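The opening position of the sequence shown corresponds to residue 27 in the numbering used here, with each subsequent residue numbered one higher.
All C-beta atoms in this analysis are idealised placements derived from N, C-alpha and C, irrespective of residue type, glycine included.
Please read all numbers here as calculations on a predicted model, not as lab measurements.
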Amino acid sequence: MTEDVQTLRPKRVSNRVYHLVGLVLMALNVVRHRIRGYRQPRPFTASGAREAMTYDNAVVENWLRHLEHYLDEEVDLAGKRVLEIGPGPDLGTGLNLLARGAAAYVAVDKHPLLGKHATSVHRALLGVIAEDLELDQERVTELRKIVDERTGDPDGPLAYHHLPEFDLSVLPEQSADLVLSHSAFEHLDDVETTFRQLAPVAAPGCVLVTEIDLQTHTRWIRDADPLNIYRYRNRTYQALGFSGSPNRVRPDEYLSGLEAAGWTNPRFYPRRVLDRDYVHEVEPSLARRFQGDPEQLAWLSIVLCATRKRGRRWKANP
């Protein structure tokens, strides 16, 4: 999907300055996270339902677009069981997928970001979904019952699992037809283990679609110095890290992890890239580990797709 690739060029390069600024910001983040912990990355409330669902709907639309591109066929979610890795502070994506016909949705997260007002938030989200997707009253009633009675219920159709150790082996085998994730894999401590634990959870023909943000995450410097997190040696970066820090795993490492876990037909491509001349200016100042592949270094976000034990076409269940 090269036609969708966005090219970015930061205004200027100040390698020494940004190296020092990045260290200061990482140190401040460590202090903040040790005091407050890892909290909501985008704190929507019921009053912000429209904004929240605009975000969630864009995520779902992107997933479906990438899925159709990967499979080269029209996608029907009817009867599908969906697993999302790292949903964030609400299950709006799951509610959206259920509204589009999915049979069940399960979300897993290392951090307990689902707020105590989850039911009221999801009632508001459902109102927006019903309007945007033009749902009939019968379907709205069905979804409202799920929201009111079973939001976050680990055994329900809109399920949520808080897994502090992020051990996916606790999930039932062959329980997912589609594994989705948006800007979450870059926060995982052990990507290879996650791919390996996902394998038995995936039903035959299960497809993985994940968008991964490889860019520096801290505000302001994210735009000014997109590759800032790659400036530092492992020892320095780990000393200034915390649970949820970007893991700095590179595209080829994601690919090798998938293949080692038995996933097939892997495919990845960039969504946002840096200007080539900018990369050449910055690359010499990065940690040696990240030098030598300017093409992949330019990739700020990627889409990664793969299939588990392809034995049938991925289509709606009868």
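CB-CB length for residue i against residue j, believed under 8 Å
| i | j | result |
| --- | --- | --- |
| Arg60 | Phe268 | 7 Å |
| Val205 | Ala228 | 6 Å |
| Ala313 | Arg248 | That pair is no contact at about 18 Å. |
| Asn41 | Val308 | 7 Å |
| Asn291 | Thr236 | The Cβ separation is near 15 Å, so there is no contact. |
| Met79 | Gly120 | That pair is no contact at about 12 Å. |
Residue i at chain D interface by Cβ criterion, 8 Å
| i | result |
| --- | --- |
| Arg302 | Chain labels in this structure do not include chain D; a single protein chain is all it has. |
Buried versus exposed call for residue i [16 or more other C-beta atoms within 10 Å across all chains shown]
| i | result |
| --- | --- |
| Ser195 | exposed |
| Glu212 | buried |
| Gly318 | exposed |
| Trp325 | buried |
| Pro296 | buried |
| Asn273 | buried |
| Leu330 | buried |
| Leu103 | buried |
| Ala133 | buried |
| Asp193 | exposed |
| Leu159 | exposed |
Euclidean distance between Cα positions of residue i and residue j
| i | j | result |
| --- | --- | --- |
| Val50 | Gly182 | 44 Å |
| Leu151 | Glu94 | 26 Å |
| Phe316 | Ala225 | 29 Å |
| Leu54 | Leu253 | 19 Å |
| Thr219 | Leu34 | 33 Å |
| Ser327 | Pro277 | 9 Å |
| Leu197 | Asn260 | 32 Å |
| Val57 | Gln264 | 14 Å |
| Gly362 | Leu46 | In the structure as shown, the chain starts at 27 and stops at 344, and residue 362 therefore has no counterpart that could be examined. |
| Gly153 | His208 | 23 Å |
| Ala342 | Asp251 | Residue placement at Ala342 is flagged as unreliable, the pLDDT there being 49, under the threshold of 50; the coordinate-derived value follows with that caveat. Those two C-alpha atoms are separated by around 44 Å. |
| Arg62 | Gly270 | 13 Å |
| said: Whether or not the region 201 to 218 and the region 102 to 117 are in contact is what I'm after, with contact meaning three or more pairs of Cβ atoms, one per stretch, closer than 8 Å; do they touch? | reply: yes
| task | Please list the segments of the alpha helix (DSSP H) lying wholly inside the region 174 to 239, counting only runs of 4 or more residues, in order along the chain. | result | 217 to 227
| message | Is it the case that the region 136 to 145 contacts the region 112 to 120, given that we only count it when at least three CB pairs across the two stretches are under 8 Å? | response | yes
| request: Examine the Cβ distances between the region 121 to 129 and the region 168 to 176 and report whether three or more of them are shorter than 8 Å. | output: yes
| task | Please go through the region 127 to 177 and give each complete beta strand (DSSP E) segment of 3 or more residues, from N-terminal end onward. | result | 130 to 135
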